[in-house]
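Protein chains: 2
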Amino acid sequence: MPDRQRADARRNYARILAVAEQEVAAHGADASLERIARLAGVGSATVRRHFPGRRALLQAVFSERIESLCAHAESLTEAPEPRAALLEWLGALTDYSASARGMAEALAQDGLDDPSHESACAVVLARGLEPLLRRAAEAGAVARDVTAGDLLALVTGIALATEGRPEAAVEARRLLELTVRGVSPEGLAGKRTREAAATRV
Amino acid sequence: MPDRQRADARRNYARILAVAEQEVAAHGADASLERIARLAGVGSATVRRHFPGRRALLQAVFSERIESLCAHAESLTEAPEPRAALLEWLGALTDYSASARGMAEALAQDGLDDPSHESACAVVLARGLEPLLRRAAEAGAVARDVTAGDLLALVTGIALATEGRPEAAVEARRLLELTVRGVSPEGLAGKRTREAAATRV
DNA sequence: TTGCCAAGTGGCGGGGGCCTCCGTATCGTA
DNA sequence: TACGATACGGAGGCCCCCGCCACTTGGCAA
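Here it is in C-alpha cells:
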C-alpha cells in the first residue's frame, strides 16, 4: 500500500499476499505464517515486516473482497425495494463469509485489541452497510433499533458456527433466513413480542 | 468416568480437570495443555492419556454445566407456556455460552471430525432441547421447520461473534432477542415472509 | 556511470506448544 | 510380600511465532 517503497519490497508484498490468499483459503484463519513465507520464497521476517501480525495479513487478504461488497452495497442503495436490497446484501455477505475460510474470524476479531482501527474489516463493512440499513429502516422494513454492528455480528456468528461443516454455505443461508424472519411462525408478531418482553429475551 | 481405574489415575484425572476448568476459563478454548499439565503437577503425556485431544478435555470441562442445562430443560417441559419456556432456556444457554470462555468453540467444533460422538456437547444439548422445542412447535409458537440444531447453531454463533468483547453477555442477549423476533419490526409478518421468499433469503 | 547508504532481507536462536515413545514407578492382587 | 498390569513422566522430534542483527540490494546524487 505505501507508494514510496523499494521495488523489491513491493514485489515481495505482492507475492506474499498472493500466497497468503491461497493458504488462508486452504487452512483458514490460522494458516502458518512460516509456511506462507516459505511458499513465497521469502524469509519469515519479511512476512512480518509487511504484515505485522496475523490480523494485518487477513485484513489485506480480504480487503479486495470487502471493497467489492461495499461497492455492491452502494449499488443497492438505489434499489426500489429497500428491504429486498438489504436482504440481498446480507445474503451476499453470508455466502462469502461462509465460503471464504478465515473471513469470519477476521471479522469477529478485529476491533478487539486495536482501538477500532480505521481499516479493520468490520468497520469498513459497517460503513458500507449503514446507508442500506438506514434506508430499510426509514421504509419501515427493519426495526429501528437494529444497528449495522448487530447485523454484522449476526452474520459473522452464523459463519463461525457453520464453518467446517459439510454444506456450510447452505446451512449458513438457512440460518440467515431464520434470523431475518425470526424463529417464530408467521402471524404471531404481536403475541411473540409480548411474550419475549415478558421473559426478558 | 471409568470405574475400574487405579486410584492414582482417578486422582490425576480429577486434578487435571480442576486445573483445566480454571485455565479454560482464563484463556478460552485454546488454553495450553502443556501448562495445564504443569499446573496439575503432572506430565503432559498424562493429560493426553486421560483426554485424547483438546476436544475431549473441553467436553469434560463443560459436561457438568451441560448436564445442568439439560436438567433445566427437562424441568421446563412442564411449564405452562411452551414458548416462554423455550425462550427462557435459550436465554440461559446464551448467557452461559457467552460467559464461559471456550464453551462456544467446543459447541461449534464438536461433531465435526468425530462421527457424531455420542457424548459431544452439541448432541447432548440437542437431546435436552428437543422436547422443549417440540412442545413449542406443537403449540404453534415456533416455525415447524426449526430444528434443535438450528437453534444451537444460532446461539453458538452469537456467542462466538461476541466473545472477547467487553459487555459480551449483554450483547449476546441482545442478538438473541433480535434472532428470536426477527430483524423486522412487528406487524410485518406477511409482507416480510413474502419478500424473503422472493429474494430467496 | 559510479558509489554511497538507508531500506529491505533472511537466517539464527530463544521460547513455546503438541505429540509419541519408552523406561520406570506405582497400584492392586495373589 | 512379590508379581504383573497399569499408569506415569521425561526426552526428543517437529512446528510455530518472535526478535535480533549482519548482510545485500535498490535508488539517488554526484
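These protein sequences, in sequence, are chains A and B. For the record, in the first sequence the residue sitting at position 79 is 78 according to numbering that gives the first Met the number 0, with numbers rising by one throughout. For the record, in the second sequence the residue sitting at position 148 is 147 according to numbering that gives the first Met the number 0, with numbers rising by one throughout. C-beta: ideal position from N, C-alpha, C; glycine also. From a predicted model like this one, the values you see are computed outputs, not experimental measurements.
Looking at 173/A, 26/A, 172/A, 120/A, the one whose alpha-carbon comes closest to that of residue 148/A is 120/A. Spanning the alpha carbons of residue 78/A and residue 135/A requires a straight line of approximately 11 Å. Annotation: the continuous alpha helix (DSSP H) that includes residue 18/A extends over 6-26. For residue 161/A, the chain B residues whose C-beta falls within less than 9 Å of its own C-beta are 107, 152, 156, listed in chain order. With a beta-carbon spacing of about 17 Å, residue 62/B and residue 155/B fall beyond the 8 Å limit used to define contacts. Contact between the region 3-10 of chain B and the region 125-144 of chain A is absent: fewer than 3 CB-CB pairs across the two stretches fall below 8 Å. Cα atoms of residue 102/B and residue 39/A: separation of roughly 37 Å, rounded to the nearest angstrom. Under the 9 Å criterion on CB atoms, residue 31/A is classed as non-interfacial with respect to chain B.
Nearest in C-alpha terms to residue 68/A, of all of 94/A, 53/A, 81/A, is 94/A. Per DSSP, reduced to three states, the secondary structure at residue 183/A is coil, with no helix or strand assignment. Residue 67/B carries a helical assignment under DSSP once its states are collapsed to helix, strand and coil. Per DSSP, residue 97/B is one residue of the alpha helix (DSSP H) stretching across 81-98. Annotation: the continuous alpha helix (DSSP H) that includes residue 130/A extends over 120-137. Listed in chain order, the non-local C-beta contacts of residue 76/B below 7 Å within the same chain comprise 130, 131, 134, local neighbours out to five positions each way being set aside. Shown here, residue 33/B sits in a helix according to DSSP, grouped into three states.
Here DSSP, grouped into helix, strand and coil, assigns residue 166/B to coil.
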